[in-house]
Amino acid sequence: AGHYCAAGAPAPSPCAAGLYARTVGATACQECPVGTHAPRGGALECKPCARGSFQPLVGGRDCRQCERGVSSSAGAATCDVCDVGYFRTSVADDAVSSCVSCEQLDGDTQCEWNATLATVILPRGFWRHSTRTRTLYECKGSSDWTPCAGGSDAKGYCVDSGYGGPKCEVCTASGYYFDQVSARCRDCGNVGASIGIIAAIATTGIAALAAITVLAYRRSWWAGSRSSHSYGAAVLQYIRSVVAVSKQFGVQSKAKHFVGLYQVIGATPSVYNVELPDDTFSRLVVRCLEWPSQVGTDLLLPGSCYGSYLWRLLIGSLWPWALILLVVAGCFAWESAALVLDRRESASRLVLLARATERALPLALTLSFLCVPAASARIFQTFLCDRFIFDDFEGTSKQYLHQDYA
């Protein structure tokens, strides 16, 4: 074996390098097939090229080394896979031309031997929408915790089944909400109890308004109708002095300018789709600017605990108008109390409603100036979407509501 017997030769001759002979008494040597080599003469069989090398020709003596970034399996005729630290952008392309360095991806992404775009290993704290895109998105969290576990499976980028959606910011279990500060899913608790507390607060406000209405027309009970030294009279006199001073210095117009600037700054993040730096002070500023849009069910629990986004949008958008109607109702109660307590001439409900509307108009305008812009901004935020790249090859992406990734 490894030799051949030529016709008339007195003894067998060894096969040359690149050739082999498996049987004894062979009359000719065979050429090594592609992907193999025989570096020395007298070979019984050809050796396959090691991983990372190749031989495209028959009868090869030595294997060729793959170029940087590409590799091959053992016994390969070509370099058909990507080396460690590189990935193939498209399986349909030739590996030599489509292997890209893993450094082009965000974060500390890892590329194992024979990696493709679909099998790259995302680092902890990063997420992507599918295995057909190289665009990675950094997730919320800290060095101690993040909902994004990384990995190579698009369905398993989140730490467990309780997290999902874009950047793992959707709580898949019912009764949980995603806390933007801690980047964790939190238990909503007793939603019914929180709704009851909100209803109790509203009822208490209405009762207090009715009590104030009655007391306003029975000032003799608390201010003293003829005693200028009573506590109630002193309070009223102090209030009148403050109002007079504010009018003298034009506080009302200055306050309008301040509130207007406040509203413009508060609407900037949603209108121009920008975010303040993610630190404690910035979060405090955002909370101060967005407080009117938080009035509603969000007072006690995050809105996602109460149901659909449509329901939360309706509450957040209509509460200023409900407050204005409450003011009109209070003024109607005021006029009704005045009719009874002061024994005025009776009037129809339509007349009382007209008087109440006229009385409520200044306060209603103030409320609309303060609260309606924030509610309107919340409505326009519905049209603000975040876009995530889905497929690089088809150029497709998916959009989600900025306020509700679910």
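Take the sequence shown: its letter number 318 is residue 895 in this note's numbering, and every next letter is one higher.
The beta-carbon is built from N, C-alpha and C at its ideal position, and this holds for glycine as well.
Keep in mind the model is a prediction, meaning the values are calculated, not measured.
Item checked: Cα-Cα separation between Asp737 and Tyr753, rounded to whole angstroms -> Spanning the two alpha carbons is a distance of roughly 14 Å.
Note to self: With distance defined between alpha-carbon atoms, name the residue in Arg638, Ala598, Lys624 nearest to Pro616.
What the structure shows: Arg638
Check: Can you tell which of Gly652, Leu902, Thr655, Leu634 has its C-alpha closest to the C-alpha of Ala779?
Finding: Leu902
Item checked: Start-end ranges of the beta strand (DSSP E) lying completely within the stretch 663-703, minimum 3 residues -> 663-665, 676-678
Note to self: Between the alpha carbons of Gly636 and Thr708, how many angstroms are there, rounded?
What the structure shows: 41 Å
Note to self: Assuming contact is defined by CB atoms lying nearer than 8 Å, are Thr666 and Ser675 in contact in what I supplied?
What the structure shows: yes
Checklist line | 7 Å Cβ shell around Gly662 - same chain, five flanking residues per side excluded | finding: Ser678, Cys679, Cys688
Check: Start and end of the beta strand (DSSP E) containing Thr973?
Finding: 973-978
Check: Does DSSP classify Ala583 as helix, strand or coil?
Finding: coil
Note to self: Please report the straight-line C-alpha distance between Cys592 and Arg599, rounded to a whole angstrom.
What the structure shows: 10 Å
Note to self: Just list the residues that DSSP pairs Cys725 with in beta bridges.
What the structure shows: In the DSSP output, where bridge partners are listed per residue, Cys725 has Cys735.
Notebook entry, point to check: With C-beta atoms as the reference, is Cys762 less than 8 Å away from Gly742?
Noted result: no
Check: Any contact of the stretch 959-967 with the stretch 717-728, i.e. 3+ C-beta pairs under 8 Å?
Finding: no
Notebook entry, point to check: How long is the line joining the alpha carbons of Arg645 and Asp660, rounded to whole angstroms?
Noted result: 8 Å
Checklist line | Exposed unless 16 or more other CB atoms sit within 10 angstroms - verdict on Lys717 | finding: buried
Note to self: Just to check my reading of the structure: Val647 and Cys656 have Cβ atoms closer than 8 Å, yes? What is that Cβ distance to the nearest angstrom?
What the structure shows: 4 Å
Check: What first and last residue would you give for the beta strand (DSSP E) that runs through Cys762?
Finding: 761-764
Next item on the list: Find the nearest neighbour of Val658 within the set Phe631, Gly684, His834, judged by alpha-carbon distance.
Entry: Phe631
Note to self: Does Thr781 pass the burial test, meaning 16 or more other C-beta atoms within 10 Å, or should it be called exposed?
What the structure shows: exposed
Next item on the list: Hey, could you find the ends of the alpha helix (DSSP H) Phe1032 is sitting in?
Entry: Residue 1032 falls outside the range modelled here, since the chain spans only 578 to 983, and no answer is possible.
Item checked: Rounded C-alpha distance that separates Val611 from Ala695 -> 30 Å
Next item on the list: For His614, count neighbouring Cβ atoms within 10 angstroms of its own Cβ and tell me buried if that reaches 16, exposed if not.
Entry: buried
Note to self: Let me make sure I understand the geometry here. Which of Cys582, Ala653, Lys732 has the alpha-carbon closest to that of Lys624?
What the structure shows: Ranked by Cα distance from Lys624, the first of Cys582, Ala653, Lys732 is Ala653.
Check: Comparing the CB of Tyr753 with every heavy atom of the ligand MG, is any distance shorter than 7 Å?
Finding: Ligands in the displayed structure: none, and consequently the ligand MG is not present.
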